[in-house]
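Visitor: Just so we're aligned, residue 1 is where the sequence shown starts under UniProt numbering, counting upward by one.
Got a structure for you, written out below as structure tokens; questions coming shortly.
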Amino acid sequence: MKTVTLNGQTVPAIGMGSWHLGQGRHSAQAEINALRAGIDSGLKVIDTAEMYGDGRSESLIGKAIDGLRDKVYLVSKIYPYHANRLMMERSCNDSLKRLNTECLDLYLLHWRFSSMLSEAVSGFEKLKQQGKIKAWGVSNFDVSDMEDLFATENGDRCATNQIFYNPASRGIEFDLIPWCNQHHMPMMAYSPLGGEGASLLRHPLITQLAAKYQTGPSTILLAWVIRNGNMIAIPESGEAAHIKENAAALSVQLQPADLNVMDEAFPPPGRKVPLETR
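Okay, here's the thing in structure tokens:
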């Protein structure tokens, strides 16, 4: 099983996202069953955010992990305009209540909204001291943002950077991934299957490779995303069968020749490109 060490804890390199969970796309029970199937399949990381469905995603996850908290590495994200000395603790408390837990394993700043990084970092450190979070990190930060963060007092305590990454969106390979590797920081990839409206799962090369490895297209895409050992992919699904297909990527190693073919179909960046977000 492919793993990544996150804040001193080793976790499987595939987790579960939740952007649309708890919002009626599937029945609540089906989504709870799907999350539990993922946990049974060894997917430890569950990622959510107070923004997702105005807290409905967190509430559904809270029900899904009832009695299973020790099997889960729980991640949530805070709105940037809540990450200040006036609102941060309340925002965290609300997430903890919805998730039915006393502590988050990881709490992320959802994106950079202003230059008040010092207040955010200070707030994260206070929440750690209070035992409400074990670690903190960021999301949607480019290299310049990471440099600003590390120039902030205690900013180098950031545990991860969660970003948009998949074969069709490889811009971060030019400078952001090397920067994080240089600073020994694991990363998290959201929308690793391409995101809403993407056609990666139907791409001829992906379906061809899926047939070769006798697996599903999502398995191929996720095996590619986690290929280098420093990336955790958090695909979202509200269906148990899809989650089991995602989990299969933990045991698939793409051959060098197939990685080369992927590079031909989805070329890596040759220059700096703007950070993509969703």
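Here a beta-carbon is modelled for each residue, glycine too, at the ideal position from N, C-alpha and C.
Specify the secondary structure class of I163 as computed by DSSP and reduced to three states.
Guide: Correct three-state label for I163: strand.
Visitor: What first and last residue would you give for the alpha helix (DSSP H) that runs through residue 279?
Guide: Summary: the structure shown does not reach residue 279, with the chain confined to residues 1 through 278, and so no result is reported for it.
Visitor: If you drop the 5 nearest sequence neighbours on each side, which residues of the same chain put their C-beta closer than 8 Å to that of T219?
Guide: So the list reads A210, Y213, E245, N246, A248, A249 and V252, once near-sequence residues are dropped.
Visitor: How far does the alpha helix (DSSP H) with T219 in it reach, from first residue to last?
Guide: Start and end: P217 to V225.
Visitor: T48 and S41 - do their beta-carbons sit closer together than 7 Å?
Guide: No, they are not a contact pair.
Visitor: Would the beta-carbon of P80 fall within 7 Å of that of G171?
Guide: No, Cβ-Cβ distance for P80 and G171 is not below 7 Å.
Visitor: Do the CB positions of A135 and N7 come within less than 7 Å of each other?
Guide: In this structure, N7 lies closer than 7 Å to A135 by Cβ.
Visitor: From N33 to A241, what distance separates their C-alpha atoms?
Guide: If I take the Cα positions, the gap works out to 10 Å.
Visitor: Please state if the CB of G137 and the CB of residue 288 are separated by a distance shorter than 7 Å.
Guide: An answer regarding residue 288 cannot be provided, because it is not within the stretch 1 to 278 covered by the chain.
Visitor: Do the CB positions of A83 and L108 come within less than 7 Å of each other?
Guide: No. Outside cutoff.
Visitor: Spell out the partners DSSP gives A107 in its beta bridges.
Guide: It is Tyr, not Ala, that sits at residue 107 in the sequence shown. Paired residue(s): S76 and W136.
Visitor: Do A233 and A198 have their CB atoms nearer than 7 Å?
Guide: Not in contact: A233 and A198 (Cβ atoms no closer than 7 Å).
Visitor: Which residue marks the beginning of the beta strand (DSSP E) containing A47, and which one marks its end?
Guide: The question names Ala, yet the displayed sequence has Asp at residue 47. From DSSP, the beta strand (DSSP E) with D47 extends over V45 to D47.
Visitor: Pick from A13, K63, R157 and G24: whose alpha carbon is nearest that of S122?
Guide: Closest by alpha carbon: R157.
Visitor: Classify H184: buried if its beta carbon has 16 or more other beta carbons within 10 angstroms, exposed otherwise.
Guide: With fewer than 16 Cβ atoms within 10 Å of its Cβ, H184 is classed as exposed.
Visitor: Can you look up residue 279 in the DSSP assignment and give me helix, strand or coil?
Guide: The chain is shown only over 1 to 278; residue 279 falls outside these bounds and no answer can be derived.
Visitor: Taking only the alpha-carbon atoms, compute the straight-line gap between S59 and G238 and give it to the nearest angstrom.
Guide: Going from the Cα of S59 to the Cα of G238 covers about 15 Å.
Visitor: Given a cut-off of 7 Å, decide if L74 and D54 are closer than it, judged by their beta-carbon atoms.
Guide: In this structure, L74 does not lie closer than 7 Å to D54 by Cβ.
Visitor: According to the Cβ coordinates, are L221 and L176 closer than 7 Å?
Guide: No; because the gap between Cβ atoms is not below 7 Å, this pair is not in contact.
Visitor: Would A64 and L43 qualify as a contact pair, given that the criterion is a beta-carbon distance under 7 Å?
Guide: Their beta carbons are not under 7 Å apart, which means A64 does not touch L43 by this criterion.
Visitor: What does a CB cutoff of less than 6 Å around I243 pick up in its chain, not counting 5 residues either side in sequence?
Guide: So the list reads A34, A37, G38 and S237, once near-sequence residues are dropped.
Visitor: The alpha helix (DSSP H) that contains A64, what's its start and end?
Guide: Where A64 is concerned, the enclosing alpha helix (DSSP H) stretches over R56 to A64.
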